[in-house]
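Numbering of the sequence shown is given in the working numbering, commencing with residue 1 and proceeding in unit increments. Here the structure is laid out as C-alpha coordinates; the discussion comes afterwards.
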Amino acid sequence: MKTSFDALILGAGVSGLSVGIVLLKQGYSVEIWAKDVPPHTTSDVAAALWYPYLCNPRDKAITWSKNTHDYLKEFALSDPRSGCMMRSFIELFEEPVGEPWWADAVDAYRHALPDELPPGYVDGYQTDVVLMDSEVYMRWLVDVFTELGGVITIREVSEFSEACVANPVVINCTGLGSRQLCGDARVYPVRGQVVRAALNSFSDIVVSETASGLSLIAPRIDDVVLGGTTQANNWNTEVDEEDTAEILRKVAALSPAFTDVNVLDVKVGLRPARDEVRLETEQMNGGVVIHNYGHGGAGYTLSWGCAQDVLALFEGVLQ
(Lines of atoms letter the chains of each structure in order from A and count residues from 1; the text may use other names and numbers.)
(Lines give C-alpha, C1' and ligand atoms only; values in the text may rest on other atoms or scores of the structure.)
Protein backbone atom coordinates (compact mmCIF):
# COMPACT_ATOMS: atom_id res chain seq x y z
CA MET A 1 0.00 0.00 0.00
CA LYS A 2 1.32 3.43 -0.92
CA THR A 3 1.83 5.99 1.83
CA SER A 4 0.77 9.60 1.52
CA PHE A 5 4.03 10.97 2.90
CA ASP A 6 6.90 12.77 1.18
CA ALA A 7 9.50 10.68 3.00
CA LEU A 8 9.60 7.29 4.71
CA ILE A 9 12.33 6.87 7.34
CA LEU A 10 13.47 3.48 8.60
CA GLY A 11 14.63 3.63 12.22
CA ALA A 12 13.47 5.57 15.30
CA GLY A 13 16.82 6.09 17.02
CA VAL A 14 18.46 9.49 17.41
CA SER A 15 19.45 9.60 13.72
CA GLY A 16 16.03 8.73 12.32
CA LEU A 17 14.13 11.12 14.58
CA SER A 18 16.58 13.97 13.91
CA VAL A 19 16.22 13.52 10.15
CA GLY A 20 12.44 13.41 10.52
CA ILE A 21 12.34 16.66 12.48
CA VAL A 22 14.60 18.46 10.00
CA LEU A 23 12.38 17.36 7.09
CA LEU A 24 9.17 18.29 8.93
CA LYS A 25 10.53 21.75 9.71
CA GLN A 26 11.03 22.25 5.97
CA GLY A 27 7.36 21.47 5.37
CA TYR A 28 7.67 17.85 4.23
CA SER A 29 5.42 15.08 5.53
CA VAL A 30 7.23 12.17 7.17
CA GLU A 31 6.47 8.68 8.42
CA ILE A 32 8.89 6.51 10.41
CA TRP A 33 8.83 2.72 10.36
CA ALA A 34 10.74 1.09 13.20
CA LYS A 35 10.98 -2.22 14.97
CA ASP A 36 11.87 -0.49 18.25
CA VAL A 37 10.92 2.99 19.46
CA PRO A 38 12.04 4.99 22.51
CA PRO A 39 12.66 4.02 25.24
CA HIS A 40 13.67 0.70 23.67
CA THR A 41 16.31 1.83 21.15
CA THR A 42 20.10 1.64 21.34
CA SER A 43 20.10 5.45 21.50
CA ASP A 44 18.30 5.33 24.86
CA VAL A 45 21.27 3.54 26.45
CA ALA A 46 23.90 6.07 25.36
CA ALA A 47 25.60 8.55 27.68
CA ALA A 48 24.74 11.08 24.94
CA LEU A 49 27.32 13.78 25.36
CA TRP A 50 28.67 15.79 22.45
CA TYR A 51 31.92 13.99 21.67
CA PRO A 52 33.02 12.76 18.21
CA TYR A 53 33.97 9.22 19.21
CA LEU A 54 34.57 6.23 16.93
CA CYS A 55 33.50 8.06 13.78
CA ASN A 56 35.05 8.63 10.36
CA PRO A 57 35.95 10.22 7.99
CA ARG A 58 37.29 12.90 10.29
CA ASP A 59 37.00 15.79 7.82
CA LYS A 60 33.27 15.20 7.43
CA ALA A 61 32.84 14.31 11.11
CA ILE A 62 34.21 17.72 12.12
CA THR A 63 31.58 19.49 9.99
CA TRP A 64 28.75 17.22 11.15
CA SER A 65 29.85 17.59 14.78
CA LYS A 66 30.06 21.38 14.61
CA ASN A 67 26.69 21.68 12.88
CA THR A 68 25.14 19.40 15.49
CA HIS A 69 26.59 21.36 18.40
CA ASP A 70 25.40 24.66 16.89
CA TYR A 71 21.93 23.17 16.31
CA LEU A 72 21.74 21.83 19.86
CA LYS A 73 22.66 25.20 21.35
CA GLU A 74 20.16 27.02 19.17
CA PHE A 75 17.27 24.55 19.18
CA ALA A 76 17.52 22.09 22.10
CA LEU A 77 18.93 24.16 24.96
CA SER A 78 16.08 26.66 24.61
CA ASP A 79 13.47 23.96 25.29
CA PRO A 80 13.36 22.86 28.95
CA ARG A 81 11.76 19.56 27.89
CA SER A 82 14.85 18.47 25.94
CA GLY A 83 16.99 17.26 28.82
CA CYS A 84 19.97 19.18 27.41
CA MET A 85 22.52 21.09 29.47
CA MET A 86 25.95 22.67 29.03
CA ARG A 87 28.74 20.90 30.89
CA SER A 88 32.47 21.41 31.26
CA PHE A 89 34.19 18.56 29.41
CA ILE A 90 37.72 17.28 30.08
CA GLU A 91 39.46 14.63 27.98
CA LEU A 92 42.51 13.12 29.72
CA PHE A 93 45.78 11.71 28.34
CA GLU A 94 48.76 9.87 29.79
CA GLU A 95 51.12 11.58 27.32
CA PRO A 96 51.45 15.21 26.14
CA VAL A 97 49.10 16.01 23.24
CA GLY A 98 48.84 18.70 20.57
CA GLU A 99 45.68 20.17 19.13
CA PRO A 100 42.56 17.97 19.26
CA TRP A 101 41.40 16.76 15.85
CA TRP A 102 37.94 18.13 16.65
CA ALA A 103 39.20 21.64 17.53
CA ASP A 104 37.37 23.32 14.64
CA ALA A 105 34.05 21.86 15.81
CA VAL A 106 33.97 23.77 19.12
CA ASP A 107 33.93 27.48 19.95
CA ALA A 108 37.08 27.22 22.09
CA TYR A 109 39.20 24.78 24.06
CA ARG A 110 42.25 24.86 26.29
CA HIS A 111 44.69 22.39 27.78
CA ALA A 112 43.71 21.12 31.20
CA LEU A 113 45.32 22.79 34.19
CA PRO A 114 47.63 20.72 36.42
CA ASP A 115 45.10 20.64 39.28
CA GLU A 116 42.46 19.27 36.87
CA LEU A 117 44.54 16.17 36.08
CA PRO A 118 44.05 13.00 38.14
CA PRO A 119 47.15 10.98 39.12
CA GLY A 120 48.78 9.30 36.12
CA TYR A 121 47.63 11.89 33.57
CA VAL A 122 49.90 14.59 32.17
CA ASP A 123 47.69 16.43 29.67
CA GLY A 124 44.12 16.98 28.61
CA TYR A 125 41.63 19.18 26.80
CA GLN A 126 38.90 21.28 28.36
CA THR A 127 35.91 22.67 26.50
CA ASP A 128 32.19 23.20 27.11
CA VAL A 129 29.77 20.80 25.40
CA VAL A 130 26.10 19.92 25.34
CA LEU A 131 25.12 16.87 27.35
CA MET A 132 21.83 15.18 26.48
CA ASP A 133 20.07 13.13 29.16
CA SER A 134 19.36 10.36 26.67
CA GLU A 135 16.05 9.02 27.99
CA VAL A 136 14.63 12.54 28.41
CA TYR A 137 16.08 13.68 25.10
CA MET A 138 14.71 10.71 23.14
CA ARG A 139 11.22 11.28 24.56
CA TRP A 140 11.56 14.92 23.56
CA LEU A 141 12.56 13.99 20.00
CA VAL A 142 9.45 11.79 19.72
CA ASP A 143 7.29 14.60 21.09
CA VAL A 144 8.73 17.20 18.70
CA PHE A 145 8.44 14.81 15.75
CA THR A 146 4.78 14.05 16.44
CA GLU A 147 3.93 17.69 17.30
CA LEU A 148 5.23 18.67 13.86
CA GLY A 149 2.93 16.10 12.26
CA GLY A 150 5.24 13.11 11.93
CA VAL A 151 3.83 9.59 12.20
CA ILE A 152 5.57 6.59 13.78
CA THR A 153 4.53 3.07 12.79
CA ILE A 154 5.84 -0.07 14.51
CA ARG A 155 7.01 -2.15 11.58
CA GLU A 156 10.15 -4.15 10.87
CA VAL A 157 11.50 -4.20 7.32
CA SER A 158 13.58 -7.11 6.00
CA GLU A 159 14.07 -5.77 2.44
CA PHE A 160 14.11 -2.28 0.98
CA SER A 161 11.57 -3.36 -1.63
CA GLU A 162 8.90 -3.41 1.09
CA ALA A 163 9.56 0.24 1.86
CA CYS A 164 10.06 1.37 -1.74
CA VAL A 165 6.66 -0.09 -2.68
CA ALA A 166 5.11 2.10 0.01
CA ASN A 167 7.10 5.23 -0.74
CA PRO A 168 9.50 6.10 -3.59
CA VAL A 169 11.95 7.94 -1.28
CA VAL A 170 13.22 5.95 1.71
CA ILE A 171 15.76 7.18 4.27
CA ASN A 172 17.70 4.38 5.93
CA CYS A 173 18.63 5.16 9.56
CA THR A 174 18.67 1.58 10.84
CA GLY A 175 22.13 1.70 12.41
CA LEU A 176 23.48 -1.77 13.13
CA GLY A 177 20.42 -3.20 11.36
CA SER A 178 21.95 -2.02 8.08
CA ARG A 179 24.43 -4.88 8.33
CA GLN A 180 21.62 -7.25 7.37
CA LEU A 181 19.27 -4.88 5.56
CA CYS A 182 21.99 -3.59 3.22
CA GLY A 183 24.18 -6.68 3.31
CA ASP A 184 26.91 -4.32 4.55
CA ALA A 185 29.60 -6.31 6.35
CA ARG A 186 31.47 -3.06 7.04
CA VAL A 187 28.94 -2.35 9.81
CA TYR A 188 29.83 -4.04 13.09
CA PRO A 189 28.91 -3.75 16.78
CA VAL A 190 31.06 -2.07 19.39
CA ARG A 191 29.64 -3.14 22.72
CA GLY A 192 29.16 -0.43 25.32
CA GLN A 193 28.28 -1.13 28.94
CA VAL A 194 27.54 1.75 31.34
CA VAL A 195 26.66 2.08 35.00
CA ARG A 196 23.92 4.51 36.05
CA ALA A 197 24.74 5.86 39.52
CA ALA A 198 23.16 8.27 42.00
CA LEU A 199 24.08 11.94 41.70
CA ASN A 200 26.81 13.37 43.90
CA SER A 201 28.65 16.70 43.97
CA PHE A 202 30.69 15.94 40.83
CA SER A 203 29.54 18.13 37.92
CA ASP A 204 32.07 17.85 35.05
CA ILE A 205 32.17 15.39 32.16
CA VAL A 206 35.43 13.43 32.18
CA VAL A 207 36.61 11.08 29.42
CA SER A 208 39.79 9.04 29.29
CA GLU A 209 40.86 6.33 26.86
CA THR A 210 44.04 4.51 27.82
CA ALA A 211 45.53 1.07 27.35
CA SER A 212 43.17 -0.18 30.05
CA GLY A 213 40.15 1.06 28.10
CA LEU A 214 37.56 3.83 28.10
CA SER A 215 36.59 5.71 31.27
CA LEU A 216 33.65 8.12 31.43
CA ILE A 217 31.91 10.27 34.03
CA ALA A 218 28.82 12.13 32.78
CA PRO A 219 26.55 13.80 35.39
CA ARG A 220 23.01 14.19 34.06
CA ILE A 221 19.74 15.55 35.49
CA ASP A 222 18.92 12.76 37.96
CA ASP A 223 21.92 10.42 37.73
CA VAL A 224 25.54 9.99 36.64
CA VAL A 225 26.52 7.74 33.74
CA LEU A 226 29.77 5.88 34.37
CA GLY A 227 31.53 4.03 31.61
CA GLY A 228 32.50 2.14 29.86
CA THR A 229 33.51 -0.51 27.40
CA THR A 230 34.60 -0.42 23.77
CA GLN A 231 34.40 -4.05 22.64
CA ALA A 232 34.46 -4.43 18.86
CA ASN A 233 32.47 -7.29 17.28
CA ASN A 234 30.95 -8.26 20.63
CA TRP A 235 27.22 -8.94 20.18
CA ASN A 236 26.52 -9.66 23.87
CA THR A 237 23.71 -7.42 25.18
CA GLU A 238 23.70 -8.94 28.67
CA VAL A 239 25.30 -7.19 31.65
CA ASP A 240 28.82 -8.43 32.42
CA GLU A 241 29.58 -8.14 36.15
CA GLU A 242 33.34 -8.08 35.49
CA ASP A 243 32.84 -5.10 33.20
CA THR A 244 30.80 -3.38 35.91
CA ALA A 245 33.57 -3.90 38.47
CA GLU A 246 36.20 -2.59 36.04
CA ILE A 247 34.10 0.50 35.24
CA LEU A 248 33.76 1.31 38.95
CA ARG A 249 37.49 0.76 39.53
CA LYS A 250 38.46 3.13 36.71
CA VAL A 251 36.10 5.97 37.66
CA ALA A 252 37.27 5.77 41.28
CA ALA A 253 40.81 6.32 39.97
CA LEU A 254 39.59 9.43 38.12
CA SER A 255 37.95 11.01 41.16
CA PRO A 256 37.63 10.17 44.87
CA ALA A 257 33.98 11.23 44.53
CA PHE A 258 33.38 7.77 43.03
CA THR A 259 35.14 5.56 45.55
CA ASP A 260 31.76 4.55 46.96
CA VAL A 261 29.12 4.45 44.22
CA ASN A 262 25.39 4.00 44.69
CA VAL A 263 24.61 1.92 41.59
CA LEU A 264 21.10 2.41 40.24
CA ASP A 265 21.27 0.36 37.06
CA VAL A 266 23.61 -1.16 34.47
CA LYS A 267 22.87 -1.03 30.75
CA VAL A 268 24.35 -2.42 27.55
CA GLY A 269 24.11 -1.12 23.99
CA LEU A 270 25.74 -2.00 20.68
CA ARG A 271 27.23 0.99 18.86
CA PRO A 272 26.75 0.79 15.05
CA ALA A 273 30.38 1.22 13.95
CA ARG A 274 31.75 1.38 10.41
CA ASP A 275 35.07 2.41 8.85
CA GLU A 276 33.21 5.54 7.75
CA VAL A 277 29.68 6.89 8.01
CA ARG A 278 27.58 5.98 4.99
CA LEU A 279 25.62 9.03 3.92
CA GLU A 280 24.70 8.75 0.26
CA THR A 281 21.91 8.08 -2.22
CA GLU A 282 21.35 4.68 -3.82
CA GLN A 283 19.00 4.01 -6.73
CA MET A 284 16.87 0.91 -6.26
CA ASN A 285 14.15 -0.79 -8.24
CA GLY A 286 11.02 1.15 -7.48
CA GLY A 287 12.63 3.94 -5.50
CA VAL A 288 15.57 5.83 -4.06
CA VAL A 289 17.21 5.06 -0.71
CA ILE A 290 19.21 7.69 1.19
CA HIS A 291 21.55 5.92 3.62
CA ASN A 292 22.51 7.50 6.95
CA TYR A 293 24.20 4.97 9.22
CA GLY A 294 27.51 3.82 10.68
CA HIS A 295 27.89 6.64 13.24
CA GLY A 296 29.84 4.51 15.74
CA GLY A 297 29.97 6.09 19.18
CA ALA A 298 28.90 9.50 17.86
CA GLY A 299 25.26 9.06 16.91
CA TYR A 300 24.14 12.02 19.01
CA THR A 301 27.20 14.09 18.10
CA LEU A 302 26.65 13.73 14.36
CA SER A 303 22.83 13.58 14.38
CA TRP A 304 21.76 17.07 13.33
CA GLY A 305 24.72 17.65 11.02
CA CYS A 306 24.01 14.42 9.16
CA ALA A 307 20.29 15.21 9.12
CA GLN A 308 21.01 18.49 7.34
CA ASP A 309 23.01 16.62 4.69
CA VAL A 310 20.18 14.10 4.32
CA LEU A 311 17.81 17.02 3.73
CA ALA A 312 20.07 18.28 0.91
CA LEU A 313 20.16 14.82 -0.70
CA PHE A 314 16.39 14.45 -0.28
CA GLU A 315 15.69 17.76 -1.99
CA GLY A 316 18.11 16.79 -4.74
CA VAL A 317 16.13 13.60 -5.32
CA LEU A 318 12.87 15.53 -5.50
CA GLN A 319 14.33 17.89 -8.09
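For glycine and all other residues, C-beta sits at the position ideal for the given N, C-alpha and C.
Selected residue, minimal CA-CA separation from residue i, among the options
i	options	result
L302	L248, Y53 and I90	Y53
C84	P96, M138, E116 and T127	M138
G297	G227, L311, L77 and S82	G227
R278	T153, V206, L17 and L313	L313
F258	G287, D223, R271 and D275	D223
H291	W304, V310, D275 and E276	V310
F93	S158, W304, E241 and E116	E116
L270	V136, I21, I9 and G175	G175
V207	T229, W33, P189 and A197	T229
I32	A185, L248 and C173	C173
V195	V251, A185, S201 and E91	V251
N200	E241, P256 and L181	P256
A307	G11, L8 and V22	V22
S88	I9, S158 and D128	D128
Q180	Q193, E156, A197 and F202	E156
P80	L17, P118, D36 and V144	V144
R58	V317, R274 and A76	R274
Y300	V239, T146, Q231 and V45	V45
Euclidean distance between Cα positions of residue i and residue j
i	j	result
A167	F5	Checking the sequence, you will find Asn at residue 167 rather than Ala. Distance between the alpha carbons of N167 and F5 is about 7 angstroms.
E282	D260	52 angstroms
F160	W140	29 angstroms
E315	Y28	10 angstroms
R110	A61	21 angstroms
P96	G124	8 angstroms
I152	A211	43 angstroms
G20	W64	17 angstroms
R191	V288	32 angstroms
A108	E135	28 angstroms
S78	Y51	20 angstroms
T237	S158	22 angstroms
K66	E74	12 angstroms
Q26	P100	34 angstroms
T68	S82	15 angstroms
DSSP three-state assignment for residue i, whether helix, strand or coil
i	result
V266	strand
D70	helix
Y188	strand
G294	coil
A307	helix
F5	coil
V22	helix
G213	strand
R81	coil
W33	strand
S15	helix
S65	helix
Q193	strand
F75	helix
S375	Outside the modelled stretch of the chain, which goes from 1 to 319, sits residue 375, for which no answer is possible.
L54	coil
Interface flag, residue i vs chain D, CB-CB below 8 angstroms
i	result
D265	Reference to chain D is not applicable here, since this structure consists of a single protein chain.
Neighbourhood of residue i by C-beta distance below 6 angstroms, restricted to the same chain and skipping five residues each side
i	result
A218	A47, L49, I205 and V225
V142	P38
A112	I90, G124 and Q126
D243	Q193 and T229
Cβ shell of residue i (< 7 angstroms), same chain only, five flanking positions each side left out
i	result
M284	F160 and C164
R220	L131 and D133
D234	Looking at the sequence itself, residue 234 is Asn, so the reference to Asp does not match. Excluding sequence neighbours, N234 sits near P189 and R191.
D265	R196
Cβ neighbours of residue i in the same chain (closer than 8 angstroms, five flanking residues each side left out)
i	result
T178	Residue identity check: residue 178 is Ser in the sequence provided, not Thr. So the list reads N172, D184, V187, P272, R278, H291, Y293 and G294, once near-sequence residues are dropped.
G286	S161, C164, V165 and P168
A254	A small fix is needed here, since residue 254 is Leu in this sequence, not Ala. Excluding sequence neighbours, L254 sits near L92, P118, V206, S208, S215 and I217.
Proximity test, residue i beta-carbon vs the ligand NAD heavy atom, cut-off 7 angstroms
i	result
H295	The ligand content of the structure shown is nil, which means the ligand NAD is not present either.
For this session: Identify every run of the alpha helix (DSSP H) within the region 91-176, keeping only runs that are complete inside it and at least 4 residues long; order them along the chain.
Result: 134-147 and 160-166
For this session: At 3 residues or longer, and completely inside the region 225-290: list those beta strand (DSSP E) runs for me, N to C.
Result: 263-273 and 278-284
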